[in-house]
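Visitor: Just so we're aligned, residue 108 is where the sequence shown starts under the working numbering, counting upward by one. Where is the CB? At the ideal position from N, CA and C, for every residue including glycine. Treat the numbers as computed from the prediction; the structure is a model and nothing was measured.
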Amino acid sequence: KRVQAKEKVELGIDMSKNRFYITIYTKKGREGGFYRRFGLPIVNIVEEEVPEPKLEYPVKIKMNMDAFLDIIGASSEVSDSVRFVAKDDSFSIIAEGEGGKALESTYTSSDEVFYEYSVQGSHDASYAVDLLLDFIRPLKQISDSVTLEFDNNKPLKLTIDFAIGSIQFYLAPRVT
Numbered sequence: 108k109r110v111q112a113k114e115k116v117e118l119g120i121d122m123s124k125n126r127f128y129i130t131i132y133t134k135k136g137r138e139g140g141f142y143r144r145f146g147l148p149i150v151n152i153v154e155e156e157v158p159e160p161k162l163e164y165p166v167k168i169k170m171n172m173d174a175f176l177d178i179i180g181a182s183s184e185v186s187d188s189v190r191f192v193a194k195d196d197s198f199s200i201i202a203e204g205e206g207g208k209a210l211e212s213t214y215t216s217s218d219e220v221f222y223e224y225s226v227q228g229s230h231d232a233s234y235a236v237d238l239l240l241d242f243i244r245p246l247k248q249i250s251d252s253v254t255l256e257f258d259n260n261k262p263l264k265l266t267i268d269f270a271i272g273s274i275q276f277y278l279a280p281r282v283t
């Protein structure tokens, strides 16, 4: 609960019980007799190396972060999923909602929003728009580009490059 300004706080660990304790005393301290004690289990977290999925993607598009975020944000107002359609010469982001609501944004492969465009064949996949936004929005602060890699009914691989490294995110497809 709450600790008052005049109360005293004591932190402790009981290794035999594997617990972390927080004890709150009245303003008189330990001698006052009245206290509240909270115990929390100590959780041992084992860090394990998670291997990167070994997937081959025929689509690799590196594009402007603002352009991508704008269209994904607009898609979230129309639908809960977004469809990516990549062809040799164009890339479309499509959202189709209830009641006939729809949004489609199509770019040619030579559009200025693309920093890199590599597509072999025609590919189509759908993903949850809210999960995309939850991942991308905070990273807008550190990068001006996003790399999308996908294939029909395979996880989307997003890569965000920044000054000291990169972050990769995999998102399972919406299979219909």
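#1: Could you spell out the range, first to last residue, of the alpha helix (DSSP H) harbouring Arg-244?
#2: What ranges does the beta strand (DSSP E) occupy inside the region 134 to 215, keeping only unbroken runs of at least 3 residues that lie completely in it?
#3: Taking Glu-203 as the reference, give the member of Asp-187, Leu-147, Thr-133 with the closest Cα.
#4: How about Asp-195 and Val-220: do their beta carbons lie closer than 8 Å?
#5: What residue does the beta strand (DSSP E) around Gln-275 start on, and which one ends it?
#6: To the nearest angstrom, report how far apart Ser-199 and Tyr-214 are at their CA atoms.
#7: Using the three-state DSSP reduction, which class does Ala-112 fall into: helix, strand or coil?
Guide: The short version:
#1: Element bounds for Arg-244: 236 to 246.
#2: Within the region 134 to 215, the complete beta strand (DSSP E) runs of at least 3 residues are 142 to 148, 166 to 171, 188 to 193, 197 to 203, 209 to 215.
#3: Taking each of Asp-187, Leu-147, Thr-133 in turn and checking the Cα distance to Glu-203, the smallest one comes out for Asp-187.
#4: No. Outside cutoff.
#5: Segment 272 to 278, the beta strand (DSSP E) holding Gln-275.
#6: Answer to the nearest angstrom: the Cα atoms are 6 Å apart.
#7: When DSSP states are grouped into helix, strand and coil, Ala-112 belongs to the coil group.
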